[in-house]
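As they're listed, the protein sequences go chains S and L.
No gaps in the numbering here: position 144 of the first sequence is 158 in my numbering, and each next residue is one more.
No gaps in the numbering here: position 302 of the second sequence is 316 in my numbering, and each next residue is one more.
C-beta atoms are modelled at their ideal positions from N, C-alpha and C, and glycine is treated no differently.
None of the values given here were measured: they were computed from a predicted structure.
Structure record follows, encoded as structure tokens.
2 protein chains.
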Amino acid sequence: MPFLPDLPIPDGLIFSSGGGAEGAAFADTLFSLFILFLAAKIGEEVFRRINQPGVIGELLGGFIVGPFALGLAHVSITAEVFAELGVVILLFTVGLEVRIDDLVKVGPMAIAVGTIGFILPIIAGVGIGLAIGEEVLPAALIGLALAATSIGITSRVLAEMGVLDRAFSRVILGAAIVDDILALLAIGLLSGFAEGDLGIDTVLTLMAGLAFVGIGLALAPLGRRLPRKLFVWPRFADTPVVPVFIIMFAGALLAQFVGLAAIIGAFVVGLIIAETPVREEVEHGFRSLLGIFAPFFFAVTGANIDMSALIDPELLVIVLILAVMGVLTKLVGGIAGSWKLGKWNSVVVGVGMSPRGEVGIVVSALGLSLGLINREIYAVLLAAVILTTLVAPVMLQWTVPRAPRDERHPEEAGTGAA
Amino acid sequence: MPFLPDLPIPDGLIFSSGGGAEGAAFADTLFSLFILFLAAKIGEEVFRRINQPGVIGELLGGFIVGPFALGLAHVSITAEVFAELGVVILLFTVGLEVRIDDLVKVGPMAIAVGTIGFILPIIAGVGIGLAIGEEVLPAALIGLALAATSIGITSRVLAEMGVLDRAFSRVILGAAIVDDILALLAIGLLSGFAEGDLGIDTVLTLMAGLAFVGIGLALAPLGRRLPRKLFVWPRFADTPVVPVFIIMFAGALLAQFVGLAAIIGAFVVGLIIAETPVREEVEHGFRSLLGIFAPFFFAVTGANIDMSALIDPELLVIVLILAVMGVLTKLVGGIAGSWKLGKWNSVVVGVGMSPRGEVGIVVSALGLSLGLINREIYAVLLAAVILTTLVAPVMLQWTVPRAPRDERHPEEAGTGAA
Chain S
15 MPFLPDLPIP DGLIFSSGGG AEGAAFADTL FSLFILFLAA KIGEEVFRRI NQPGVIGELL
75 GGFIVGPFAL GLAHVSITAE VFAELGVVIL LFTVGLEVRI DDLVKVGPMA IAVGTIGFIL
135 PIIAGVGIGL AIGEEVLPAA LIGLALAATS IGITSRVLAE MGVLDRAFSR VILGAAIVDD
195 ILALLAIGLL SGFAEGDLGI DTVLTLMAGL AFVGIGLALA PLGRRLPRKL FVWPRFADTP
255 VVPVFIIMFA GALLAQFVGL AAIIGAFVVG LIIAETPVRE EVEHGFRSLL GIFAPFFFAV
315 TGANIDMSAL IDPELLVIVL ILAVMGVLTK LVGGIAGSWK LGKWNSVVVG VGMSPRGEVG
375 IVVSALGLSL GLINREIYAV LLAAVILTTL VAPVMLQWTV PRAPRDERHP EEAGTGAA
Chain L
15 MPFLPDLPIP DGLIFSSGGG AEGAAFADTL FSLFILFLAA KIGEEVFRRI NQPGVIGELL
75 GGFIVGPFAL GLAHVSITAE VFAELGVVIL LFTVGLEVRI DDLVKVGPMA IAVGTIGFIL
135 PIIAGVGIGL AIGEEVLPAA LIGLALAATS IGITSRVLAE MGVLDRAFSR VILGAAIVDD
195 ILALLAIGLL SGFAEGDLGI DTVLTLMAGL AFVGIGLALA PLGRRLPRKL FVWPRFADTP
255 VVPVFIIMFA GALLAQFVGL AAIIGAFVVG LIIAETPVRE EVEHGFRSLL GIFAPFFFAV
315 TGANIDMSAL IDPELLVIVL ILAVMGVLTK LVGGIAGSWK LGKWNSVVVG VGMSPRGEVG
375 IVVSALGLSL GLINREIYAV LLAAVILTTL VAPVMLQWTV PRAPRDERHP EEAGTGAA
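The structure is reproduced here in structure tokens:
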């Protein structure tokens with residue numbers, strides 16, 4: 015890249031257009047990005063050809079070239095940024111597919127699924143924590159690490175299967191929002207307890223999070239009144255893609271700023287844009303962006319999988335118990351909260367809520383940094399989180415075809431007409 | 015991002031989906047990217063509204079938010095990677111617009127423009143270097159820093175003006191390839207001289223560079239025989255966008271590997287894809303990618319502008335002399351090499367070849383690291399390079415409308431029909 019700072023440059027990189035001071039790191043970063051992308055696509059191809067979810071192939075491709083296997087690619091901050099933008103764009107495009115009215119319709123159900131499916135894993139985690147001899151606070155941390163759903167993988171699988179318009183998909187998406195708000199509250203409470211001061215900060219953070227989602231959902235129906243020219247008034251914009259990209263990016267950053275996940279912000283922006291006349295144009299224009307960025311999310315997720323905790327048989331047992339309880343509790347949450355959708359539909363909701371991700375990792379890292387848990391428990395938690403993530407796509411592929419579309423209840427019937 | 019390594023995380027970032035070990039750097043990087051993009055687009059908007067080239071607005075937007083002005087955004091390696099991919103995608107899409115036959119037709123002219131426009135700045139630079147009291151080798155370095163054209167800015171302006179199909183555009187693009195090969199040779203020779211061993215490496219590097227371009231240009235016409243299904247055979251590919259992105263990325267990395275600029279590789283891949291039946295689909299699909307990535311190139315270039323050398327009046331004079339001579343020598347190269355295109359058309363070629371960029375920076379950094387030049391001369395060279403870059407878009411906007419399309423000579427006439 016041009017105009018680099020004035021530092022000596024390493025030999026052999028002097029020709030590189032990415033030369034200069036950070037030349038080596040730059041070239042390595044670019045090469046790793048290419049390898050991660052290529053591995054994800056090859057992995058997807060192989061898995062699709064054996065009729066398995068492409069996303070597992072992408073995860074595995076990333077794992078194989080990543081630092082815990084072949085080591086061909088390293089996961090730089092740049093790769094993480096590509097991955098984050100990938101999942102942000104993914105959730106934004108998922109938001110584009112959802113009509114706000116349909117989401118509001120399943121609101122009570124989503125709240126039930128989200129809440130039950132958040133409390134049960136905490137109880138299970140605390141139980142397991144106490145059973146293996148941890149104190150109350152560490153046990154609570156284990157529970158919390160097991161609580162929060164990560165919607166990225168599920169969204170991708172549902173989109174791949176073409177069932178984002180089904181009621182269970184909307185319940186999952188709504189429940190993911192509820193889940194994220196509860197995580198916001200719980201992490202605030204836990205850090206407050208651990209640091210001995212449960213200040214007004216937690217309350218403020220929670221209120222900011224609720225306000226963000228509330229205002230976003232309230233604004234969405236107003237999108238119908240926005241004219242197309244609002245999105246293409248800038249001279250630089252022939253299409254709404256760049257202006258909407260800016261809005262999406264801003265929404266993701268704002269969500270992150272108030273303490274929510276960036277993807278929740280992108281999803282809410284997607285909901286709003288879905289109501290405007292530019293929806294189809296944006297959906298079309300974002301297809302290439304999704305195709306280029308999203309694979310990084312799955313490849314990087316795969317590349318970061320460190321299964322070393324699974325080598326010790328004793329730890330392996332704890333990992334498996336945590337992972338199984340993690341899936342079971344979300345399954346119960348899904349079934350109990352969305353029973354009205356019918357048996358298999360509610361099972362799909364539970365399965366869809368199973369993958370844990372960034373919040374689980376962040377909570378575990380928080381526990382480690384606060385001294386609540388040691389490195390062993392930390393590794394165990396990571397491995398359990400990863401397992402729930404790997405299992406979900408397979409289970410979704412198995413359960414979704416069993417969930418009938420013709421269940422006789424208003425939500426699912428309503429969808430068919432939409 | 016999920017699955018981060020097991021390190022403590024900074025307070026306040028625990029909610030961030032980008033949390034974890036590198037949480038702070040990650041959040042900062044993401045925010046800086048947003049600011050750079052936003053600034054580029056606001057800058058472009060302002061400049062378009064006052065009927066000036068949008069690209070200057072993007073550069074200026076980046077400069078204003080960058081570390082040498084307001085400091086709202088910092089230029090991380092991630093931003094450099096986005097910028098590099100931006101200019102790679104830009105040159106790839108430019109390649110899509112060019113037919114290989116048309117490029118070969120202007121081949122001799124491009125070689126003349128590229129060669130004359132490479133030798134003259136070296137002579138001028140050496141002269142100025144000797145005049146300010148430098149030794150031969152440092153003076154040669156100053157000449158070389160002034161020699162190599164950077165095609166990114168010119169491509170963008172020509173595309174913005176809708177004149178990529180004109181003969182002068184093709185001459186510029188062809189001459190840029192010649193220019194890059196000469197730079198490859200010259201840098202090899204200079205480092206050889208400076209390090210006292212002029213080995214076989216230089217010859218090998220040059221041959222690899224020539225082979226890359228030669229094979230690429232020879233392959234391009236074969237593109238016509240490639241069926242569409244070759245680009246969409248993977249199950250993951252509904253459209254050719256993702257496979258072609260992989261090929262473009264590989265071409266850019268390969269060019270960099272053999273010592274050429276990454277953008278030359280992307281341009282050559284663009285030439286090849288332009289001959290295939292998927293050209294239009296790819297062009298369409300890459301429009302959003304171009305819209306999202308390319309602004310980073312200009313914003314980052316702007317953000318890295320450090321004009322501190324211009325504060326000292328004595329240095330300022332040298333900067334201005336170097337910049338003026340830099341533009342004049344390219345102008346003479348353009349006029350002398352492409353005189354057959356007619357007066358104004360050949361002036362446009364010269365103006366289009368004026369912007370210097372990454373190679374100038376890299377050569378200057380090389381000179382600094384080899385101890386050939388001191389920090390003052392280094393800063394002077396950077397400032398001169400930047401000036402040639404800033405001046406070109408304005409001059410292009412002034413000269414292109416004066417270059418008549420109806421010049422009576424086979425190349426330009428042939429273009430009208432294409």
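Exercise for the section: Identify which residue in S:L155, S:D193, S:I103 has its Cα closest to the Cα of I125 of chain S. Expected result: Taking only the C-alpha atoms, the option nearest I125 of chain S is S:D193.
Practice task
Kindly indicate if chain L contains any beta-carbon less than 8 Å away from that of E59 of chain S.
Solution key: Yes, its Cβ sits closer than 8 Å to a Cβ of chain L.
Problem - Residues sharing a beta bridge with R370 of chain L, DSSP - result: DSSP lists L:T163 as partners of R370 of chain L.
Exercise for the section: Output yes or no for whether 8 Å exceeds the beta carbon distance between L155 of chain L and V377 of chain L. Expected result: Yes. Within cutoff.
Problem - I325 of chain S, buried or exposed, once every other Cβ within 10 Å from all chains shown has been counted against 16 - result: So I325 of chain S counts as exposed.
Practice task
State the Cα-Cα distance for the pair A313 of chain L and A97 of chain L, rounded to the nearest angstrom.
Solution key: Taking the straight line joining both Cα atoms gives about 8 Å.
Practice task
For T43 of chain S, decide whether its Cβ has a neighbour in chain L, counting only Cβ atoms nearer than 8 Å.
Solution key: Yes, T43 of chain S lies at the interface with chain L (some Cβ there is under 8 Å from its Cβ).
Practice task
Evaluate contact between the segment 301-313 of chain S and the segment 371-385 of chain S, counting only Cβ atoms and requiring at least three cross-stretch pairs below 8 Å.
Solution key: Contact fails: fewer than three Cβ-Cβ distances are below 8 Å.
Handout entry: For V282 of chain L, the three-state DSSP class (helix, strand or coil)
Key = V282 of chain L: helix per DSSP, three-state reduction.
Handout entry: C-beta atoms of T332 of chain L and I165 of chain L nearer than 8 Å
Key = Note that residue 332 of chain L corresponds to Ile in the displayed sequence, not to Thr. Taking the C-beta atoms as reference points, I165 of chain L is found no nearer than 8 Å to I332 of chain L.
Practice task
Verify the CB distance criterion: does S302 of chain L have a CB-CB separation below 8 Å to chain S?
Solution key: Yes, its Cβ sits closer than 8 Å to a Cβ of chain S.
Handout entry: Cβ pair F48 of chain L, L267 of chain S closer than 8 Å
Key = Yes; because the gap between Cβ atoms is below 8 Å, this pair is in contact.
Problem - Simplified DSSP assignment, three categories, for D215 of chain L - result: Judged by DSSP in its simplified three-state form, D215 of chain L adopts helix.
Practice task
Starting from L396 of chain S, follow the alpha helix (DSSP H) in both directions and report where the run begins and ends.
Solution key: Residues 389-413.
Practice task
With DSSP as the reference, label D42 of chain L as helix, strand or coil.
Solution key: Looking at D42 of chain L - three-state DSSP - the assignment turns out to be helix.
Practice task
Throw me the rounded Cβ distance for the A161 of chain S and A200 of chain S pair, which I believe falls under 8 Å.
Solution key: About 7 Å separates the Cβ atoms of A161 of chain S and A200 of chain S, confirming a contact at the 8 Å cut-off.
Practice task
Give a yes or no on whether 8 Å exceeds the smallest Cβ distance from A39 of chain L to chain S.
Solution key: By this cut-off, A39 of chain L is an interface position.
Practice task
With L274 of chain L as the anchor, note down where its alpha helix (DSSP H) starts and where it stops.
Solution key: From DSSP, L274 of chain L is part of no alpha helix (DSSP H); its letter is neither H nor E.
Problem - For V102 of chain L, the nearest candidate out of L:N359, L:F300, L:D215, L:G157 (CA to CA) - result: The option with the nearest alpha carbon to V102 of chain L is L:F300.
Practice task
State the Cα-Cα distance for the pair S183 of chain S and T413 of chain S, rounded to the nearest angstrom.
Solution key: Straight through space, the alpha carbons of T413 of chain S and S183 of chain S are spaced by roughly 13 Å.
Practice task
State yes or no: is the C-beta of F106 of chain L within less than 8 Å of the C-beta of G305 of chain L?
Solution key: Taking 8 Å as the Cβ cut-off, F106 of chain L and G305 of chain L do not qualify as a contacting pair.
Practice task
For L339 of chain L, I'd like the list of residues in its chain whose CB is within less than 6 Å of its CB, leaving aside the five on either flank, ordered along the chain.
Solution key: A small correction: the amino acid at residue 339 of chain L is Met; Leu does not occupy that position in the sequence shown. The residues are A138.
Practice task
Give the residues of chain S in contact with T290 of chain L, contact being defined as C-beta atoms less than 8 Å apart.
Solution key: Within 8 Å Cβ-Cβ: nothing; T290 of chain L doesn't reach chain S, min ~18 Å.
Problem - Cα-Cα separation, L329 of chain S to A153 of chain S - result: When rounded, the distance between both Cα atoms is 16 Å.
Problem - Unbroken alpha helix (DSSP H) run spanning F250 of chain S, endpoints - result: No alpha helix (DSSP H) contains F250 of chain S, which DSSP labels as neither H nor E.
Practice task
Could you list which residues in chain L have their beta carbon closer than 8 Å to that of T168 of chain S, in chain order?
Solution key: Taking a Cβ-Cβ threshold of 8 Å, none of the residues of chain L is close to T168 of chain S; the smallest such distance is about 14 Å.
Practice task
Starting from the beta carbon of R250 of chain S, find every residue of chain L whose beta carbon is closer than 7 Å, and list them in chain order.
Solution key: It should be pointed out that residue 250 of chain S corresponds to Phe in this sequence rather than to Arg. Residues of chain L passing the Cβ test: K55, E58, E59, R62, G68.
Exercise for the section: For S360 of chain S, name the three-state secondary structure that DSSP assigns. Expected result: If DSSP states are grouped into helix, strand and coil, S360 of chain S belongs with the helices.
Handout entry: Closest residue to I130 of chain L among L:F250, L:G75, L:A190, L:L144 (Cα-Cα distance)
Key = Proximity to I130 of chain L across L:F250, L:G75, L:A190, L:L144 peaks at L:A190, based on C-alpha coordinates.
Problem - Delimiting residues of the alpha helix (DSSP H) encompassing E328 of chain L - result: Per DSSP, the continuous alpha helix (DSSP H) segment holding E328 of chain L begins and ends at 327-351.
Handout entry: Contacts of E390 of chain L in chain S (Cβ-Cβ under 9 Å)
Key = Here the premise fails: no neighbours, minimum Cβ distance about 11 Å.
Problem - Continuous alpha helix (DSSP H) stretch holding L144 of chain L: start and end - result: From DSSP, the alpha helix (DSSP H) with L144 of chain L extends over 121-145.
Practice task
May I ask you to report which of helix, strand or coil DSSP gives H298 of chain S?
Solution key: If DSSP states are grouped into helix, strand and coil, H298 of chain S belongs with the helices.
Handout entry: Same chain, Cβ closer than 6 Å to V255 of chain S, five either side skipped, listed in chain order
Key = These residues qualify, in order along the chain: G299.
Exercise for the section: Measure from the C-beta of G347 of chain S to each C-beta in chain L and report whether the shortest distance is under 8 Å. Expected result: Chain L, which has no Cβ nearer than 8 Å to the Cβ of G347 of chain S, makes this no.
Problem - Interface residues of chain L facing F226 of chain S [CB-CB closer than 8 Å] - result: Those do not exist, as F226 of chain S stays about 12 Å from chain L at its closest Cβ, beyond 8 Å.
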